[in-house]
Amino acid sequence: MARSASTGLDSAPGRAVAGVSLAEAARFWLQLGLVSFGGPAGQIALLHRELVERRRWLSERRYLHALNYCMLLPGPEATQLATYLGWLMHGVPGGLIAGGLFLAPSVLVLTALATAYALWGQLPLLVAVFAALKPAVLAIVLVAAWRLGRRILATPLLVGIAAAAFLALAVLRLPYPVVVGAAALTGLVVGRWRPVLLLGRGATAAAPSAAAPAPVADPGQRGTGGAARADPWRPHPPPPPTPASHAGAWP
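Every letter in the sequence shown is one number past the one before it in the working numbering, and letter 229, counting from 1, is 946.
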């Protein structure tokens with residue numbers, strides 16, 4: 718699933734993707750900011766389609782881990798995700814450009830729409846336009862949730878956790894931190910007991926061995942000869958073959 722040999726994003730954070738300059742990435746973030754409708758769900762799905770499926774600048778695994786991380790942070794998760802992905806590609810300048818260009822066009826469009834609604838919101842023609850936009854935006858959100866759900870809900874237990882979280886929020890009206898904490902506790906317990914219920918048999922069978930991952934340079938120390946650190950997203954090399962005289966033992 719990882720594409721470390723071709724994308725560069727599954728190696729050191731802050732290392733530019735092969736063949737993708739900072740100017741090209743900036744144009745992409747500007748274009749994305751101009752068409753990122755549908756709220757956080759639509760924006761997250763749009764980021765996935767453009768970065769993972771279409772341009773292949775990012776692996777599926779890293780994108781989902783980055784999404785999980787940003788969902789736990791306070792604030793707008795789509796903007797945080799864009800900023801984080803920009804940092805992964807081009808370091809601090811890439812993160813600042815991605816976050817700014819992803820957010821600024823949306824603010825301008827929202828300001829223009831709010832001004833038009835405040836000035837002419839009672840006109841029948843404009844009321845009809847906004848009424849037609851509501852189901853279209855709802856469809857964008859539903860498609861985004863469906864596309865992400867097919868990739869995230871890979872096991873029956875994950876489907877059950879999603880259904881329980883929905884009922885807890887919509888019916889029981891429990892606070893969001895309580896639902897997130899309960900899901901994290903479930904993952905901790907099940908992950909220690911039977912991780913196959915969360916990851917699926919294919920993921921657990923392909924889990925990396927205990928071999929240490931290859932060290933990569935820290936983004937803040939590139940070109941300085943500083944200490945290297947291991948990248949947890951880089952695929953682990955297979956273990957060396959076991960000698961016949963020591964069958965079942967690690968070398």
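From the three backbone atoms N, C-alpha and C, an ideal C-beta is built for every residue, glycine too. Here the structure is a predicted model, which means the values were calculated and not measured.
Simplified DSSP state of proline 793, which is helix, strand or coil:
coil
Coarse secondary structure for tryptophan 967, derived from DSSP in three states:
Unreliable positioning characterises tryptophan 967 in this predicted model, as indicated by a pLDDT of 38, which lies under 50. A coordinate reading is not provided.
Below 8 Å on the Cβ atoms is my contact criterion, and I expect alanine 861 with methionine 806 to pass it. Report the Cβ-Cβ distance as a whole number of Å.
Not quite, the Cβ-Cβ distance comes to about 23 Å (not below 8 Å), so this is no contact.
If we count the other Cβ atoms within 10 Å of its Cβ and call it buried at 16 or more, is serine 969 buried or exposed?
In the structure displayed, the chain extends from 718 to 968; residue 969 sits before or after that span and is not available.
Given a cut-off of 9 Å on the beta-carbon distance, is the pair leucine 813 and threonine 796 in contact?
no
Using the Cβ count rule (16 or more neighbours within 10 Å means buried), how would you classify leucine 905?
exposed
Roughly how many angstroms lie between the CA atoms of leucine 784 and alanine 833, to the nearest whole one?
The straight-line gap from Cα to Cα measures roughly 34 Å.
Ignoring anything shorter than 4 residues or poking outside the segment 844 to 931, list the alpha helix (DSSP H) runs there in chain order.
873 to 887, 893 to 910, 913 to 922
Around the C-beta of histidine 765, are 16 or more other C-beta atoms found within 10 angstroms, so that it is buried, or is it exposed?
buried
In the structure shown, what three-state DSSP assignment does arginine 772 receive?
Arginine 772 falls in the coil class under three-state DSSP.
For arginine 911, tell me which candidate among Tyr893, Ile878, Leu874, Arg779 has the shortest Cα-Cα distance.
Leu874
Tell me, to the nearest whole angstrom, how far the beta carbon of leucine 820 is from that of glycine 750; I am working on the premise that it is less than 8 Å.
Yes, leucine 820 and glycine 750 are in contact; Cβ-Cβ is about 7 Å, under 8 Å.
Of the listed residues Trp837, Phe883, Leu889, Arg868, nearest to serine 776 (C-alpha basis)
Arg868
Do glycine 759 and valine 854 come within 9 Å of each other at the CB atom, strictly closer than that value?
yes
To the nearest angstrom, how far is the alpha carbon of glycine 816 from that of proline 822?
Straight-line Cα distance between these residues: approximately 11 Å.
Assuming leucine 764 is part of the alpha helix (DSSP H), what are its boundary residues?
Looking at the DSSP string, the run of the alpha helix (DSSP H) that includes leucine 764 is 756 to 765.
My output table needs one value for valine 824: the three-state DSSP class, helix, strand or coil.
Looking at valine 824 - three-state DSSP - the assignment turns out to be helix.
Roughly how many whole angstroms lie between the Cα atoms of glycine 803 and isoleucine 761?
Their Cα atoms are separated by approximately 14 Å.
For valine 844, count neighbouring C-beta atoms within 10 Å of its own C-beta (all shown protein chains included) and say buried if the count is 16 or more, exposed if not.
exposed
How is valine 752 classed by DSSP in three states: helix, strand or coil?
helix
Quick check on DSSP: helix, strand or coil for glycine 811?
Correct three-state label for glycine 811: helix.
In three-state terms, what does DSSP make of glycine 838?
coil
Counting only the same chain and skipping the five closest in sequence on each side, list residues whose C-beta sits under 6 Å from that of arginine 864.
Ala762
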